[in-house]
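S.K.:
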Amino acid sequence: MSARLRGHAPFAAVAVLLLVVAPLALPAFRLDELAKYLCFAIAALGIGLAWGQGGMLTLGQGVFFGLGGYATAMYLKLHDAGGDLPDFMVWSGVEELPALWRPFGAAGFALAAVVAVPVAVVLGALVFRQRVRGAYFAILTQALAAAFVILLVGQQGLTGGTNGLTNFYDVFGRDPEAEGTQRTLYFVTAGVLGALYLGARQLVRSRFGRLLVAVRDGEDRVRFLGYNPATVKTVTFAVSAGMAGLAGALFVPVVGIISPSLLGVVPSLELVVAVAVGGRYALAGAVLGAIVMNYAKTSFSEQWAGGWLYLEGALFVLVMTLAPRGAAGLYEQARDALARRRGTPAPAARPREAAT
Amino acid sequence: MTSLLNQLPIGLSIGAVLLLTALGLTFTFGQMGVVNMAHGEFLMAGAYTAYLLQDWAGAQAVPVALPVAFLVAGALGWVLERTAIRHFYGRPLDTLLLTWGVSLILQQAARDLFGAPNVQVVAPSWLTGRVGLSGATLPHARLFIMALAVACVVGIWAYLGRSRQGRRMRAVMQNRELAAVSGVATGRVDQLTFFIGSGLAGVAGVALTLVGPVGPSIGTYYIVDAFLVVVAGGLGQLRGAVIAALALGMLNSFAEFWTDASLAKVVVFAVVVAFLQVRPQGLFVLRSRALT
Amino acid sequence: MRKPFLRPLAAAALLPAALLTACGGQDGGNASAGAGGNDGNTIKVGILHSLSGTMAISEVTVKNSESLATDEINARGGLLGKRLQPIVEDGASDWPTFAQKAQKLIRKDRVATVFGGWTSASRKAMLPVFERNKALLWYPVQYEGLESSPYIFYTGATTNQQIVPGLDYLKEKDKKRIYLVGSDYVFPRTANKIIKAYAQANGMQILGEEYTPLGHTEYSTLVNKIGEAKPDAVFNTLNGDSNVAFFKQLRSAGFDAGRLPVMSVSVAEEEVKGIGVQNIAGHPVAWNYYQTTGGRANEAFVRAFQARHRGAVTSDPMEAGYNAVHLWAEAVRRAGTTDVEAVKKAAAGLSLDLPEGRVTIDGATQHVHKTARIGVVQPDGLIKEVWSSREPIRPDPYLRSYPWAAGLSS
Amino acid sequence: MSDALLEIRGLKVVFDGFTALDGVDLTVGQGELRFLIGPNGAGKTTLIDVVTGLTRPAEGSVRFAGTELTGRREHRIVRLGIGRTFQTSVVFEELTVVENLDLAAGFRRPLPALLRQRRGMSDQVAAALDTIGLGDLADRPAGVLSHGQRQWLEIGMLVAQRPRLLLLDEPVAGMSGDERDRTGELLTEIARDHTVVVVEHDMEFLRRYASQVTVLHEGRVLVEGDVATVQDDPRVQEVYLGRGREEAA
């Protein structure tokens, strides 16, 4: 009982920090920045699930982030236009609302995160059934991100091209630039992140989670236990895509823009970097990695712009070589070392670094 | 009609560029399971080698740079293999992320060393002409790239098939453990493989100065396509890479001719994905009895 | 086995949150300081460009010329008796970052105005921030028009000051069969719409319209298509590195400036070097300013800039950024305050002699009157003016005064 | 042949021009314990691979309790009631012993049940744990087990699957003497209520625990019969003594 309570204490501490301390201590625009990081953290949580737990290194999460983001942005744009054409269509010479946009007029927000899921299911089912995995899967998802961006940019009349969709006047009845709205959006984002974290943690601890780890460490062996790894992976991939979609859907009202440059190869990789630095095998590591790395990126580029690339690259090389289990792994090592000195038996066996 | 015919040599030449950029990867990825995202930056190193040699070799910098770039990029690759990658064998995904970090550092280093704007590499005059070929025209630069690609393929083929070192490399490629117990120093073979694979990127980088920009971010333009070639061709398969590069080059050429450049890229990607549905391991597969 | 998932959360969470909270405290202190950037002895101004990422290559040069301008003002005794204090922020080639940094400059630093942006995407991302906060942005790059925000001053050319004169020039040279090549983004697509409307009204023929993804480097198919269409000229709106590949491959296929002139609107002195002078020499470009543009103001500008950055060239966007700072400063002097509404009022109709010649702000659109200049790339890499509109052209971002453009901006 | 559980007829497998199996016929009856031996490259593992769906045959049929298996995917075949182990044991090192067993016992569970956390131990898992005698290590990660313990865990996972046919691929390879004895006892116990096919090199182990033996050689069935008959067969002696003695040791 007390162990269970202790297990929840860190979560509660973080919740208090995010929900009480941060809103009180931070000025509005810093809180808005933090909200942006929390959006990335939601997407990172999905990567932690797919990659850390399931061994699927997805380098195309930007695609799902984008699907969620564009769906929300389309809804907001239509809402702003109030029956007319959205502003960018006017510049692009579109004369009639494209059919693709129509469904987003009404239930846009509900659709937002959901759009990513069926896309991931179809893609996952195709790819995993054929046992495309490991580096192949990674490269394929990366190419998908590249192709998705090209497609978005090329359809300027539909998507706003490189500019993306921006300039929303009304976010669910409120002015998106007002401090009150930003505060509310921050709380919503933090709440969604907390709920998804708890859900993901439950998933990891469930039998399905154990199965997922088994698939990661020995996909072919799992097949001979009577499970179809393709199904397990597809489900996980879809959950992870759903999280990225939701992150994108929240990102749009928080930051006020969605554009292809947020979804391509590099932003997708940066999310993975954050997860690796935070610790891929621990969900909390993924979340915190995303928050810290994005915070570091912002504050570092305020000081020394070109240096960030050196730092990001070097940090990454160091983490991969010296601490492949990331910050969370270092923390666990330190804790185990401490426990050994106190004489309590350390829990053995770390996950092996998964081959493929 | 002639312009349609023109697309055939164009397809070949696009294929040659793809092949040159992907050739080194079939080695490092195929034999060693290293997904080297810094491969593009080794291309860049080759291109800048040509730029630096201009001071010394003048207009003949491009041909002079070929062997030098091979050594420069090869040395970079060798250092990378010795310092980092050798700790990562059997973990391709980790090498992917590791080398991406390296590629960020190399890009920024190039920016700091050579400046952010593109630099100019002057092509020798004998590479600026063109030949007519029954209605189609083919620039000398393109012919040079094609010849270079053929030379590289033949060279590698001869090396793998004829030389002692090459046979060792093939042995390691097919069965690392068996090669190790048969007395092949796999560590040394790995070093050499990585050196050659990276060196080939350097050669490709020199060739690319004839047709493309020379700047800190050129690696990023070629890397995704290069990986698609390797994936479609099958790991470590020379003939797979050759066929895949030519097929994708042709596909790109005609898809762009009938649609546009953006759509052609999307079409190429879709075809590769569809192809992997049929042959998940690429065109040619190395068989292994072990349960991986 | 299971507990470890949560433990690092607590430990690691304390770090960033504490950091954020710490700097939050600082921010809070600053936020209450004087309004309108008018803080004691200094006036804060924001400079917001990409100092990292893909756009840094272009934007850093504009940042440099804007810094030159603020230093010049300080050297001449400052503004309203106070020193200008530039606060430089990095947009990192990432549009949401531009929006957030703009918000930081406005809300935290309380700057009097911001000079910044290059891509349309970054401007579109910043626009709502400036409009909602009623703050001022000076945008220094030629762009696709069809915009006129009350809180943005546009010191680069709009379409009727660059694209349209470029077409006038081609028409004058009897180049009537045109092929359009552009990178796939907003500026080329909008520009090409305008070009097509112009062509229709002026008896010109558009033989093809092709877009390639940003960063595209394989142009042999496109060159082949151009070869088949046999145009008199190409109108080129490619961006960045693609220009290098395009010009190299065009030339190696046998098309030089004599056989097929390519009119470019995104190639300035900076880019010529990377493309290779031998590949682009003789081709025309359309801008409002070249390093070689005559006049005392430009001589002084080029001299001052090259004194700081040895061997550097000066280009149109750099000059427009430099202009923006001086135009704003003059408006502040006339208004006697940095208050946004007062500055806007004082800026309307304001006229200054700047490197490109006499520049006047058009109060209605907040764009500037600019002289259009067609130049030809010289073997030394500089650009020589071969044609000009002589008079500054009144900015018309929506092309309302051009009958053939009716319906373009509906 | 109503009591035949596994019927293999005319099985042919070709790898890149190399014929690994060439017209193999094999029948395993319900409740039987069958040993499959032969020198290296005889095709023993390939035969198991075909039965379990890992390798597709060029020709021939494999019927299990009347159902054709060729062309089915691996997990489908497991669901029909066939389980196997591998030469190199693959247990999930990060999962505990109980979790490994629970996973093996669980493929019949519906998806919603999978989403719940495991509480305690099902009877099936408890029984399997008891059979393999790893009760003390139940909550330790499988990564800490010794080589022998891992093999037993694999056998336990196989039992927990409740298959009708067990295929064991060299279960005592690399084991110490004590571990072999323990494995032999385990095998005997399991064979009491399961049909088992064992691929084995170890002649000593074979003599102690086998009754029915099939000898494969160069992709064909050489001899079939009880241990004594097979051992005395001159063809078998030639095959083994000629080249294979040291391998068999």
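Chains as they are written, first to last, in my numbering: chain A, 1 to 356; chain C, 357 to 648; chain X, 649 to 1058; chain G, 1059 to 1307.
Note that CB positions come from ideal geometry on N, CA and C, so glycine has one too.
1. In whole angstroms, give me the CA-to-CA distance for L828/X and R1021/X.
2. Just to confirm my understanding: we take R467/C, look at its own chain, exclude 5 residues before and 5 after, and list those with CB closer than 8 angstroms. What are they?
3. Between which two residues does the beta strand (DSSP E) harbouring Y186/A extend?
4. Please check if any C-beta of chain B sits within less than 8 angstroms of the C-beta of A1078/G.
5. Strictly below 9 angstroms CB to CB, what residues from chain C border D889/X?
6. In chain order, what residues of the same chain have a beta carbon less than 7 angstroms from the beta carbon of T702/X, not counting five sequence neighbours either side?
7. Consult DSSP for G1118/G and reduce its assignment to one of helix, strand or coil.
8. Kindly confirm or deny that the stretch 67-75 of chain A and the stretch 235-254 of chain A touch, where touching means at least three C-beta pairs closer than 8 angstroms.
9. Taking CB distances under 8 angstroms as the criterion, tell me whether Q387/C reaches chain A.
10. Just the C-alpha distance for R755/X and F300/A, rounded to the nearest angstrom, thanks.
11. Name the two residues that bound the continuous beta strand (DSSP E) containing N884/X.
12. Based on the DSSP secondary-structure assignment, which residues constitute the bridge partners of A847/X?
13. Which of the three DSSP states is assigned to P347/A in this structure?
14. If you measure between the beta carbons of L1172/G and F237/A, is that distance less than 8 angstroms?
15. Going along the stretch 304-331 of chain A in order, which residues come within less than 7 angstroms of chain C, judged by CB to CB distance?
16. For L859/X, return the contacting residues in chain C, with the cut-off set at a CB-CB distance below 8 angstroms.
17. Can you list the residues of chain A that F500/C reaches, using a CB-CB cut of under 7 angstroms?
18. Return the Cβ separation of G194/A and G62/A in integer angstroms, given the expectation that the two are a contact with Cβ distance under 8 angstroms.
19. Since P365/C and A497/C should fall inside the 8 angstroms C-beta cutoff, what is the C-beta to C-beta distance between them, to a whole number of angstroms?
20. By the 8 angstroms beta-carbon criterion, what residues does the stretch 897-927 of chain X contribute toward chain C?
21. Would a C-beta distance cut-off of 8 angstroms place V1120/G and T1128/G closer than the cut-off?
22. Sorted by chain position, which residues of the same chain lie with C-beta nearer than 8 angstroms to I139/A's C-beta, five sequence neighbours on each side aside?
23. From the beta carbon of A116/A, is the nearest beta carbon of chain G less than 8 angstroms away?
24. Would you identify the three-state DSSP class for G391/C, choosing helix, strand or coil?
25. Measuring straight from C-alpha to C-alpha, what distance separates Y592/X and Y577/C?
26. Run through chain X and tell me which residues come within less than 8 angstroms of P229/A, C-beta to C-beta.
27. Using DSSP with H/G/I as helix, E/B as strand and the rest coil, what is H1017/X?
28. Note down, in chain order, every chain A residue with its Cβ under 9 angstroms from the Cβ of P776/X.
29. Look at the alpha carbon of I800/X and the alpha carbon of D1028/X, and state the distance between them as a whole number of angstroms.
30. Candidates F385/C, P480/C and Q530/C: which alpha carbon is nearest L449/C's?
31. Taking C-alpha atoms, which residue in R724/X, S700/X and N722/X lies nearest to Q463/C?
32. Output needed for G1302/G: all residues of its chain with C-beta closer than 6 angstroms, excluding positions within five of it in sequence on either side, in chain order.
33. So, under 8 angstroms CB-CB, L1216/G and G1141/G are touching, yes? Tell me the CB distance rounded to an integer number of Å.
34. Out of M606/C, S554/C, A582/C and L594/C, which has the shortest C-alpha to C-alpha gap to A425/C?
35. Write down the C-beta distance between L727/X and V980/X rounded to the nearest angstrom, noting that I regard them as a contact closer than 8 angstroms.
36. Could you compute how far the alpha carbon of A355/A sits from the alpha carbon of D1074/G?
M.R.: Taking the definition as stated:
1. Here residue 828/X refers to the residue found at position 180 of the third sequence. Here residue 1021/X refers to the residue found at position 373 of the third sequence. The alpha-carbon atoms of L828/X and R1021/X are separated by roughly 20 angstroms.
2. On the second sequence, residue 467/C is found 111 positions in, with the first residue counted as 1. Result list for R467/C: P572, in chain order.
3. For the purposes of this step, residue 186/A is taken as the residue at position 186 of the first sequence. Boundaries around Y186/A are those of the alpha helix (DSSP H), E179 to R205, since no beta strand (DSSP E) includes it.
4. In the structure shown, chain B cannot be found, because the protein chains are A, C, X and G.
5. As a working mapping, residue 889/X is identified with position 241 in the third sequence. Under the 9 angstroms cutoff, chain C gives N474, G568, P569, G571, S573, I574 and Y577.
6. Walking along the third sequence from the start, residue 702/X turns up at place 54. The beta carbon of T702/X lies closer than 7 angstroms to those of S741 in the same chain, with the five residues before and after it left out.
7. Walking along the fourth sequence from the start, residue 1118/G turns up at place 60. Strand at G1118/G.
8. yes
9. In the second sequence, the residue the question calls residue 387/C occupies position 31. Answer no: the Cβ-Cβ gap between Q387/C and chain A never drops below 8 angstroms.
10. In the third sequence, counting from the first residue as 1, residue 755/X sits at position 107. In the first sequence, counting from the first residue as 1, residue 300/A sits at position 300. So the two alpha carbons sit approximately 20 angstroms from each other.
11. As a working mapping, residue 884/X is identified with position 236 in the third sequence. It spans A881 to T885 - the beta strand (DSSP E) in which N884/X sits, taken as one unbroken run.
12. In the third sequence, counting from the first residue as 1, residue 847/X sits at position 199. A847/X pairs with nothing; no bridge assigned.
13. Position 347 of the first sequence, counting from 1, holds the residue named residue 347/A. Reliability of the predicted coordinates at P347/A is poor, the pLDDT of 45 falling under 50, and no value is obtained from them.
14. Counting from 1 along the fourth sequence, the entry for residue 1172/G is found at position 114. Counting from 1 along the first sequence, the entry for residue 237/A is found at position 237. Not a contact, by the Cβ cut-off of 8 angstroms.
15. Within the stretch 304-331 of chain A, the qualifying residues are G306, L309, Y310, E312, G313, A314, F316, V317, M320, T321 and P324.
16. Along the third sequence, one-based indexing puts residue 859/X at 211. The amino acid occupying residue 859/X in the given sequence is Tyr; Leu does not appear at that position. Under the 8 angstroms cutoff, chain C gives D616, A617 and S618.
17. Position 144 of the second sequence, counted from the first residue, corresponds to residue 500/C. By Cβ distance, chain A contributes nothing, its closest Cβ being about 28 angstroms from F500/C, past 7 angstroms.
18. Here residue 194/A corresponds to residue number 194 of the first sequence, with the count starting at 1. Here residue 62/A corresponds to residue number 62 of the first sequence, with the count starting at 1. The Cβ separation is near 24 angstroms, so there is no contact.
19. Residue mapping note: residue 365/C aligns to position 9 of the second sequence, counting from 1. Residue mapping note: residue 497/C aligns to position 141 of the second sequence, counting from 1. So it is not a contact: roughly 13 angstroms between Cβ atoms.
20. Q897, R899, S900, A901, G902, E918, E919, K921, G922, I923, G924, V925 and Q926
21. Within the fourth sequence, numbered from 1, the residue matching residue 1120/G stands at position 62. Within the fourth sequence, numbered from 1, the residue matching residue 1128/G stands at position 70. The beta carbons of V1120/G and T1128/G sit closer together than 8 angstroms.
22. Taking the first residue of the first sequence as 1, we reach residue 139/A at position 139. Listed in chain order, the non-local C-beta contacts of I139/A below 8 angstroms within the same chain comprise L59, local neighbours out to five positions each way being set aside.
23. Here residue 116/A refers to the residue found at position 116 of the first sequence. Output row for A116/A: interface = no.
24. Counting from one through the second sequence, the residue named residue 391/C turns up at place 35. Note that residue 391/C corresponds to Val in the displayed sequence, not to Gly. In this structure, V391/C counts as coil in the three-state DSSP scheme.
25. The question about residue 592/X has no answer, for chain X in this structure spans 649 to 1058.
26. Translated into positions along the first sequence, residue 229/A becomes position 229. None at all; the shortest Cβ gap to chain X is about 23 angstroms.
27. Residue numbering aside, residue 1017/X sits at position 369 when the third sequence is read from its first letter. Strand, per DSSP.
28. Working through the third sequence from its first residue, we reach residue 776/X at position 128. What P776/X touches in chain A: T166, N167, F168, Y169, P176, E177, G256 and I257.
29. If you number the third sequence from 1, residue 800/X lands on position 152. If you number the third sequence from 1, residue 1028/X lands on position 380. Cα to Cα, I800/X sits roughly 37 angstroms from D1028/X.
30. If you number the second sequence from 1, residue 449/C lands on position 93. Checking every option, the nearest Cα to that of L449/C belongs to F385/C.
31. Here residue 463/C corresponds to residue number 107 of the second sequence, with the count starting at 1. When each option's Cα is compared against that of Q463/C, the closest is S700/X.
32. One-based indexing of the fourth sequence puts residue 1302/G at position 244. Confidence at G1302/G is low in this model, with a pLDDT of 45, below 50, so the placement of that residue is unreliable and no value is reported for it.
33. Here residue 1216/G corresponds to residue number 158 of the fourth sequence, with the count starting at 1. Here residue 1141/G corresponds to residue number 83 of the fourth sequence, with the count starting at 1. Rounded, the Cβ-Cβ distance is 4 angstroms, consistent with contact.
34. By one-based count along the second sequence, residue 425/C stands at place 69. Of the candidates M606/C, S554/C, A582/C and L594/C, the one whose C-alpha sits nearest the C-alpha of A425/C is S554/C.
35. Here the question's residue 727/X lines up with position 79 in the third sequence. Here the question's residue 980/X lines up with position 332 in the third sequence. The Cβ separation is near 6 angstroms, so the contact holds.
36. Walking along the first sequence from the start, residue 355/A turns up at place 355. Walking along the fourth sequence from the start, residue 1074/G turns up at place 16. Since pLDDT at A355/A reaches only 38, below the 50 mark, its modelled position is unreliable, and the value read off the structure follows with that caveat. Taking the straight line joining both Cα atoms gives about 27 angstroms.
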